[in-house]
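S.K.: Residue numbering for the sequence shown follows my numbering, starting at 1058 and increasing by one per position. Quick reminder that beta carbons are idealized off the backbone N, C-alpha and C, glycines included. All of these numbers come straight from a predicted model, not from anything done at the bench. First the structure, then my questions, so here it is.
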Amino acid sequence: MDDGQLYQVLSMIRKRGMRLTPQRVALVKYVLVNVEKHESLREIHEKISREMPGISVSTVYHTLKMLEELGFIKTFEINGKIHIDRPHFHINLHCLDTGKITDVDVDLGGIAEKLGRSGLKIRNIIVEVENCGKSGDEG
């Protein structure tokens, strides 16, 4: 992410009435650079707290929600934990053995279109898989 993109995101957040504290700016930058890691809210809070002590879990939560509303990330929940994700449509494979989450890009256009005609929208697809930590596979 370059400075121009970061400035654009921060500008949109400011227009929504959210203050741009140094903690929030560091958080936004961290999230947008690391979105593909599927980190949980708590993991993000722990990492940002090292750089910006005093940032609250509430600030992290509300900033993630704002980034989601603006379409820069998507969030999903696994085992009661909120995780961040890329906003484009894909499947998340959740390995029950290792806890690792892997993106799988697929074309479900036909299914999405059919559901759309019924007024439904696919938000997330999370597939739980087992034995993904076996035979030398890391998840």
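Within the continuous alpha helix (DSSP H) that includes His1102, where are the two ends?
M.R.: Its alpha helix (DSSP H) spans residues 1098 to 1108.
S.K.: Pick from Ser1175, Glu1170, Cys1189: whose alpha carbon is nearest that of Thr1159?
M.R.: It is Cys1189.
S.K.: Can you tell me which of the three DSSP states Asn1149 falls into?
M.R.: If DSSP states are grouped into helix, strand and coil, Asn1149 belongs with the strands.
S.K.: Could you give the DSSP three-state label for Lys1178: helix, strand or coil?
M.R.: Three-state result, Lys1178: coil.
S.K.: Spell out the partners DSSP gives Lys1131 in its beta bridges.
M.R.: Per DSSP, Asp1142.
S.K.: Beta-carbon within less than 8 angstroms of Glu1103's beta-carbon, same chain only, minus the 5 sequence neighbours each way: which residues are those?
M.R.: Within the same chain, Glu1103 has no close Cβ partners at all.
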